[in-house]
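Participant: What follows is a single structure, and I will ask about it in a moment.
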Amino acid sequence: MNCVGCRLANEQENVYVVYETATLTCILDYMPFNPGHVLILPKGHAGEVEELDPKTAIDIMEASRFLSKAVNAAFNPDGITIIQNGGVFNDLDHYHMHVIPRFEGQDFAEFFSEEGEPEDEAVLAQAAGELIRIIKEMEHHARV
Ligand SMILES: [Zn+2]
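Numbering (our numbering) for the sequence shown: 913 to 1056.
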């Protein structure tokens, strides 16, 4: 398990896990476009979208739906952008889908030119705490 994405997805690196299923780990991007920027990673290795097994691909779409609801509730963005970069644009060499809250006036081209610094731990921890609180509420309501 040498791929950095595999290590992130299996919590062998320091990550803020906000949501998890049998097949997926959903973590905060450590250089978020905005607070609440989440990555959905399969626990098993897949590099490109066409390498995903169909069940995992469906799980990823379902997780993006669930996380969008949570991100909207937690951060009230003007919209959410969901993307996945393949090939040389995949900086983890491991499939990951971005769920990104955005606000009006934020040109998405900024996302691709970003050479930012990692976000402060305190900011990440606060965003993770808020998302986890909302997700627990959503899971609770789904059960009752
Ligand atoms: Zn991997």
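Every residue, glycine too, gets a C-beta built ideally from N, C-alpha and C.
In this text the structure is predicted, and so the values were computed from the model without any measurement.
When you compare the CB positions of His-949 and Ile-1012, do they come within less than 8 Å of one another, or not?
Facilitator: Here residue 949 refers to the residue found at position 37 of the sequence shown. Here residue 1012 refers to the residue found at position 100 of the sequence shown. Closer than 8 Å, so yes.
Participant: If you compare alpha carbons, which of Asn-946, Asn-984, Gln-996, Pro-944 is closest to Ala-969?
Facilitator: Counting from one through the sequence shown, the residue named residue 969 turns up at place 57. Here the closest residue by C-alpha is Gln-996.
Participant: Run the Cβ filter for me: residues under 5 Å from any heavy atom of ligand 2, listed in the order they occur in the chain.
Facilitator: Judged by which ligands are present, ligand 2 is missing from the structure shown, whose ligands are ligand 1.
Participant: Which whole-angstrom value describes the C-beta separation of Pro-1030 and Met-943, a residue pair presumed to lie in contact below a C-beta threshold of 8 Å?
Facilitator: One-based indexing of the sequence shown puts residue 1030 at position 118. One-based indexing of the sequence shown puts residue 943 at position 31. Indeed, because the Cβ distance is near 6 Å, the residues count as touching under 8 Å.
Participant: Under the rule that 16 or more other beta-carbon atoms within 10 Å means buried, what is Gly-1041, buried or exposed?
Facilitator: In the sequence shown, residue 1041 corresponds to position 129, counting from 1. Flag for Gly-1041 reads exposed.
Participant: Using C-beta distances below 8 Å, list every residue in its chain close to Glu-925, excluding the 5 sequence neighbours before and after it, in chain order.
Facilitator: Working through the sequence shown from its first residue, we reach residue 925 at position 13. Excluding residues within five positions, the ones whose Cβ falls inside 8 Å are Val-916, Arg-919.
Participant: Which term fits Ala-934, buried or exposed, when burial requires 16 or more other beta carbons within 10 angstroms of its beta carbon?
Facilitator: Your numbering for residue 934 matches position 22 in the sequence shown. Exposed, by the Cβ-count rule.
Participant: For the alpha helix (DSSP H) that contains Pro-966, what are its first and last residues?
Facilitator: Within the sequence shown, residue 966 is the residue found at index 54, counting from 1. Residues 966-987.
Participant: Of the choices Lys-955, Gly-1028, Tyr-928, Asn-914, whose alpha-carbon is the least far from that of Ala-1007?
Facilitator: Residue numbering aside, residue 1007 sits at position 95 when the sequence shown is read from its first letter. A quick correction: the sequence has Tyr, not Ala, at residue 1007. The candidate whose alpha carbon is nearest that of Tyr-1007 is Lys-955.
Participant: To the nearest angstrom, report how far apart Ala-921 and Leu-936 are at their CA atoms.
Facilitator: As a working mapping, residue 921 is identified with position 9 in the sequence shown. As a working mapping, residue 936 is identified with position 24 in the sequence shown. So the two alpha carbons sit approximately 7 Å from each other.
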